[in-house]
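To start, the structure itself, in C-alpha cells.
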Amino acid sequence: MDDIFFEEQDNIIKTRELNIHGSCILLNSLSYLLTHVYFYNETYYKIIYYLLLYNFKYVFKKLKLKYSIYDLLYNLKDIHNEKQTKYIVQDIIDSASLRQLYMSILMLYYLYPLHVCTNNTYNNIIHKYPLFLLQYIYFFLKYSPIISFEKYRSIYNSLNNIKFIYYNNDYSQKKKKKMNHEKNIYHKHDDIKRPNISTIELNVYNIILNILRKKNILQHFNLSTTFNVYMYSVDILIKSTKIKCAIYLIFLFIFYLFIYLFVYFLFIFYSFYIYIFIYYFKPWAYNKYTYVHIYISYFLFCHHLFNIFLRMNTELDLQNKIGNVNINLEGLERIKKSNLLYIFDDIKKSNNVEDLLLRVKSCNEKIKNLNIFDEDPIVKLKNVNNNDDILVDFRFKERKNNYMIGTNINNRGEITADFEINIPYIFKTINSIEFKANVSSFYTNNLSFRFICPYLYKLKNFKLIIETNLSSINNIKCSSYIIKTNSLKTYLLQNNHSFIWEIDFNRILHRINPNFIPSDNILKLCDKYIKNTIKYNYKIDKLNYLNTNEQDPNIIYYTPYPVSGYYYEIENEMSLPFCEANFFKNHFNVFCVKKIFNNLFTYINISNGIKYDYNQHKPYTLNNFNFTGSIGSSLVLRGFEYNSIGQPEHCYKFHKNKNDYKITYNYLGANFFTNIQLIFKYILNIQNMNPMVFFYIHLGRLSNHFYSSINQLIKDTRISTGIGIMAYIQKNISLELFFNYPILYHITDKTKFFQVGLNFKGIL
5 MDDIFFEEQD NIIKTRELNI HGSCILLNSL SYLLTHVYFY NETYYKIIYY LLLYNFKYVF
65 KKLKLKYSIY DLLYNLKDIH NEKQTKYIVQ DIIDSASLRQ LYMSILMLYY LYPLHVCTNN
125 TYNNIIHKYP LFLLQYIYFF LKYSPIISFE KYRSIYNSLN NIKFIYYNND YSQKKKKKMN
185 HEKNIYHKHD DIKRPNISTI ELNVYNIILN ILRKKNILQH FNLSTTFNVY MYSVDILIKS
245 TKIKCAIYLI FLFIFYLFIY LFVYFLFIFY SFYIYIFIYY FKPWAYNKYT YVHIYISYFL
305 FCHHLFNIFL RMNTELDLQN KIGNVNINLE GLERIKKSNL LYIFDDIKKS NNVEDLLLRV
365 KSCNEKIKNL NIFDEDPIVK LKNVNNNDDI LVDFRFKERK NNYMIGTNIN NRGEITADFE
425 INIPYIFKTI NSIEFKANVS SFYTNNLSFR FICPYLYKLK NFKLIIETNL SSINNIKCSS
485 YIIKTNSLKT YLLQNNHSFI WEIDFNRILH RINPNFIPSD NILKLCDKYI KNTIKYNYKI
545 DKLNYLNTNE QDPNIIYYTP YPVSGYYYEI ENEMSLPFCE ANFFKNHFNV FCVKKIFNNL
605 FTYINISNGI KYDYNQHKPY TLNNFNFTGS IGSSLVLRGF EYNSIGQPEH CYKFHKNKND
665 YKITYNYLGA NFFTNIQLIF KYILNIQNMN PMVFFYIHLG RLSNHFYSSI NQLIKDTRIS
725 TGIGIMAYIQ KNISLELFFN YPILYHITDK TKFFQVGLNF KGIL
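Have a look at this one:
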C-alpha cells in the first residue's frame with residue numbers, strides 16, 4: 005500500500021454520501037438540539053428547522069419512490085401501490101435507523117422547542133411546525149413498519165447524568181423576568197435554567213396510560229418507566245403481556261433454573277470424586293496410546309479366537325439341536341435388566357448350535373452399536389453338547405459418570421474454558437444425558453444439553469438425539485453486533501446417515517459505538533429471525549489407522565492419525581416454511597491419505613459449498629460460508645486470519661491519534677466456496693511423541709458467484725504455501741505450528757506469516 009492508496013481512501017471518505025443510518029442519526033441530533041438546548045441567537049433555530057426539513061427530504065429521496073410525497077399522502081388510494089411503498093421503505097431502511105427516526109418524531113411531537121412560547125391550552129405543538137416538515141413526518145408514520153424498542157446504553161445520557169425537574173412554562177416566564185431586570189441576556193453558564201426532558205416524560209407516561217385505559221387494553225400491557233432506549237433515555241417502555249409470551253418466558257426461566265441447579269449440585273457432589281480420579285489415574289494418562297494399542301490387540305485376539313471357535317466342526321457338532329435358551333445378565337447395576345432384554349430375543353429363537361453362535365455374534369454387534377458400555381461383553385455358553393437347556397451368560401462393564409474440565413481454542417482463535425458432564429443410564433435406562441459449557445468471554449459462550457436415546461422401538465438401528473443450545477457470539481472486535489441464539493435440534497442417526505431438524509431463534513444486538521460506523525449491509529441485518537431447516541448428512545469413513553513396523557512388517561500398531569484410505573461426507577440443508585431464513589445449502593468434503601514410502605505421507609482435502617437464497621432481495625447472510633483461518637477442518641485456509649477474505653464491507657473506525665475516521669473492512673462471507681489442500685507429512689521418530697514435519701500448498705476461493713468471468717475467478721482465489729511442525733494430541737486432532745507465505749491474495753485480506761492452529765479430520 006503506497007501513498008496513492010491512502011489518498012484514494014481519504015477521497016472515498018470525503019466524497020461519500022450520507023447513508024440512511026447516518027441521516028437518521030442526524031435527524032435525532034437535530035431533534036435533540038431543538039428540544040433540549042437553548043441558543044442565545046434565534047438564527048440557530050432557523051438553521052435547525054432548515055436542516056430538519058432538508059434531512060427528511062433527503063431520506064425520502066433515498067427511497068427512490070415513483071410517486072411524489074403529496075400523491076403518497078393524499079391522492080394514492082390503490083392498496084397494491086400502498087403495500088409496495090411500505091415494502092420499499094421496510095427493505096431500504098434498517099430497523100436501527102427506524103428506531104432513531106421514530107425517536108426523532110416522538111421528540112418533535114411531544115417536546116416544546118425552547119425558542120417557541122408555549123401555551124397550556126394545547127396538548128401538542130404540531131401546529132407550530134411548517135407544513136412541509138409535517139408532511140414528511142406523516143409519511144414515515146404511515147408507511148414505516150412498527151418495530152419495538154430495545155434497551156441500549158444512552159449516548160446523550162452519558163453527557164449529563166444529572167436530571168433536573170423543570171417546567172418549560174416556568175422557564176419562559178423566568179426568561180421574561182430576567183430580561184426585564186437585566187440589560188444583558190443570559191450568561192453562557194446559567195446551567196440552573198437549562199430545561200430537561202424528565203417532566204415531559206411524566207406527561208407522556210400519563211398520556212399513554214390514559215390511552216390504554218380508554219381502549220380497555222391496559223390489562224394486556226405493562227407500562228414501565230426509566231429505561232435506556234436505543235440512543236436516548238426515554239423513560240417509557242410498553243411491553244405486551246400476552247399468554248403465549250408469558251408461557252414462553254416462564255418456560256425459559258424454569259429451563260435455565262433447572263440447568264443451573266443441575267450443574268451446581270453435580271459439581272458439588274462429584275468434585276471430590278474428580279480429584280481422587282485424577283490423582284490415582286494420572287500415571288497411565290501419559291501412556292494412553294499404549295493402553296489403546298493393548299486394548300485393540302486384545303480385541304483382535306479375542307475376535308480371532310471366536311472365529312476359530314466357529315470353525316471347530318470336528319470338535320463341536322454345529323448342527324446339534326438345542327433346547328430352551330436362557331439368558332443371564334451380570335454386571336448390571338445402573339440399568340434395569342428388563343431394558344436390555346429386547347436385544348436377546350433373537351438368541352432365544354436358536355434351533356441348533358450354529359444358529360446360536362451366529363445370533364450371539366449378531367447380538368454383540370447390536371450391543372457395540374449402542375455404545376453404552378466400556379467394553380464388549382464377555383459371553384459364556386453352558387451345556388452346549390447336550391440337548392438340555394442352554395444358558396448364555398453375558399458379563400458387562402458399565403460406564404461411570406464422565407466429567408471434564410479444560411481449555412480449548414475455537415475457530416476464531418479464542419481460548420475457551422470447557423466443562424462437560426456425561427451421565428449414562430438415566431432412570432436406569434439405556435438413555436444418557438450430556439451437558440456442555442464453553443465460555444471464552446461474557447459475550448461469547450455456548451451452553452448445550454443433550455438427551456441421547458441409542459435405540460428406537462419402531463426404527464431399528466436408529467439413534468435419537470435431542471439437543472438444546474444457548475449461544476452468544478460476540479462480533480464487537482471486527483464489527484458492531486452480537487448474535488444470541490436459542491436452538492433446538494433433533495438428530496435421527498443410522499450408521500452413515502443423519503437426519504437433522506433444527507429450529508433457531510436468533511437475535512442480533514447492534515451495539516452503538518461512536519468510534520465505529522458499520523456498513524449498510526450490517527445495519528440491515530434482521531434483529532430477530534427464525535431459522536427452521538432440515539439437514540441430511542451422509543458420510544463414508546474408510547480411513548485406516550493401523551501402521552506396520554519398518555523392521556518387522558508383521559508387527560502392526562495403532563496410530564492416532566490415518567495412514568491410508570479416504571473419508572467422504574456430504575450435507576444438504578433446506579429451509580422449511582414459516583421462517584425468515586429461506587435458503588438451500590450443499591457442502592461436501594473429500595479427504596484422502598496415501599503412504600508414499602516409510603514415514604512419508606500425502607494428504608489431499610477437497611471441499612466445496614454452494615448456498616442459494618430463495619429471496620434474493622433479503623438474503624440470509626449469517627449462514628454464509630466463511631474460512632476459519634488456521635483452525636478447523638474443511639474451511640481451513642492457512643496464511644489468512646479467521647473470516648478475513650471475500651467481498652469486504654466498508655466500515656469506518658475512529659483513530660484517536662489522527663482524530664479522523666479511517667476505513668476498516670468487515671466480511672459477511674459468501675454463497676460459494678472451494679478449498680483444496682495438498683499436504684506432505686514426514687514422521688520424526690522421537691521417543692513416543694512422533695512429531696511430523698509438513699509442507700503444504702493451499703488454494704481457496706470465496707465468492708457470491710459460481711462463475712462470472714476469468715478475471716473475477718482469479719480475483720476471488722487465494723493461494724498460500726508454508727512449512728511447519730505438528731503433533732497429534734488426540735485421534736484426528738493435531739496441533740500445528742507453521743510459517744506461511746501467501747502467494748495470491750487481495751489488498752483487503754488479513755494475512756499472517758506465522759500461525760498456531762488446531763486441525764481436525766475432514767469433518768463439516
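So the mapping is simple: this note's numbering equals the position in the sequence shown, first residue as 1, plus 4.
Glycine included, every Cβ here is placed at the ideal spot set by N, Cα and C.
query = Hey, would you say Asp-545 sits closer than 8 Å to Tyr-571, going by beta carbons?
reply = yes
message = In this structure, how does DSSP classify Cys-854 when only helix, strand and coil are distinguished?
response = As displayed, the chain neither begins before 5 nor continues past 768, which places residue 854 out of reach and without an answer.
request  = Evaluate Pro-287 with the Cβ neighbour count: other Cβ atoms within 10 Å of its Cβ, from every protein chain shown; 16 or more gives buried, anything less gives exposed.
outcome  = Caution is warranted here: a pLDDT of 40 is assigned to Pro-287, below 50, making its placement in the model unreliable, and the coordinate value is therefore given only provisionally. Looking at its Cβ environment, which holds fewer than 16 other Cβ atoms inside 10 Å, Pro-287 is exposed.
task = Since I believe Tyr-540 is in contact with Asn-551 (beta carbons under 8 Å), could you give me their beta-carbon distance rounded to a whole number of angstroms?
result = Contact doesn't hold; Cβ gap of about 34 Å is too wide.
Buried or exposed by the 16-neighbour rule on C-beta atoms within 10 Å, applied to Ile-747 = exposed
query = When DSSP labels each residue in this structure, what does Thr-640 get in the three-state scheme?
reply = A quick correction: the sequence has Val, not Thr, at residue 640. In this structure, Val-640 counts as coil in the three-state DSSP scheme.
task = Please classify Tyr-533: does DSSP put it in a helix, a strand, or coil?
result = strand
task = Would you mind working out which of His-621, Asn-343, Ser-637, Leu-361 sits nearest Tyr-429, comparing C-alpha positions?
result = Asn-343
query = By a C-beta neighbour count over all protein chains shown, 10 Å radius and 16 as the cutoff for buried, is Leu-38 buried or exposed?
reply = buried
task = Quick one: residues in its chain with C-beta nearer than 8 Å to the C-beta of Asp-350, no 5 flanking neighbours on either side, listed in chain order?
result = Arg-363, Ser-366, Cys-367
query = For the region 712 to 747, which segments carrying the beta strand (DSSP E) assignment without a break, of at least 3 residues, lie completely within its bounds, in sequence order?
reply = 721 to 734
query = From Ile-409 to Lys-401, what does the alpha carbon distance come to, in whole angstroms?
reply = 25 Å
inquiry  = Residues in the same chain with beta-carbon distance under 6 Å from Tyr-565, minus the five sequence neighbours each way, listed in chain order, please.
reply    = Tyr-732
task = Report the partner residues of Lys-599 according to the DSSP bridge assignment.
result = Phe-605
request  = May I ask you to report which of helix, strand or coil DSSP gives Phe-631?
outcome  = coil
task = Would you tell me roughly how many angstroms separate the C-alpha atoms of Asn-628 and Phe-588, rounded to the nearest one?
result = 11 Å
key: Boundaries of the alpha helix (DSSP H) in which Asn-341 is found, first to last residue   = Looking at the sequence provided, one finds Lys at residue 341 rather than Asn. Note, Lys-341: premise wrong, no alpha helix (DSSP H); not H, not E.
ask   = By how many angstroms is the C-alpha of Ile-534 removed from the C-alpha of Glu-584?
value = 6 Å
query = In terms of alpha-carbon separation, which member of Leu-527, Cys-457, Arg-338 lies closest to Arg-103?
reply = Leu-527
Through-space distance from Lys-735 to Asn-23, alpha-carbon basis = 52 Å
request  = For Glu-334, collect the residues of the same chain with a Cβ closer than 6 Å to its Cβ; drop the 5 residues on either side in sequence, then sort them by chain order.
outcome  = Arg-399
key: Three-state secondary structure (DSSP) of Val-364   = helix
ask   = Hey, Thr-606 and Lys-615: beta-carbon distance below 8 Å or not?
value = no
request  = With a threshold of 16 other CB atoms inside 10 Å of the CB of Glu-337, please say whether the residue is buried or exposed.
outcome  = exposed
message = Using only the alpha-carbon positions, how far apart do Phe-595 and Ile-610 sit?
response = 7 Å
key: Pick from Lys-756, Ile-83, Lys-352, Asp-380 that is closest to Asp-393, judged by C-alpha positions   = Lys-352
query = Can we say the region 511 to 522 touches the region 484 to 491, given the rule of at least three CB pairs closer than 8 Å?
reply = yes
message = Using C-beta distances below 6 Å, list every residue in its chain close to Val-760, excluding the 5 sequence neighbours before and after it, in chain order.
response = Leu-741
ask   = Helix or strand or just coil, what does DSSP make of Asn-647?
value = coil
key: Three-state class that DSSP yields for Ile-394 in the structure shown   = strand
task = Use the C-beta contact count for Val-329: other C-beta atoms within 10 angstroms, 16 or more gives buried, fewer gives exposed.
result = buried
task = Measure the Cβ-Cβ separation of Tyr-459 and Ile-434 and say whether it is below 8 Å.
result = yes
task = Give me the Cα-Cα distance between Leu-216 and Leu-77, rounded to the nearest whole angstrom.
result = 28 Å
request  = Go through the region 474 to 558 residue by residue and report every complete run of the alpha helix (DSSP H) that reaches 4 residues or more, in order.
outcome  = 524 to 527
query = In whole angstroms, what is the alpha-carbon distance linking Asn-499 and Phe-710?
reply = 33 Å
request  = Pull up the distance between the alpha-carbon of Leu-361 and that of Lys-488, whole angstroms please.
outcome  = 54 Å
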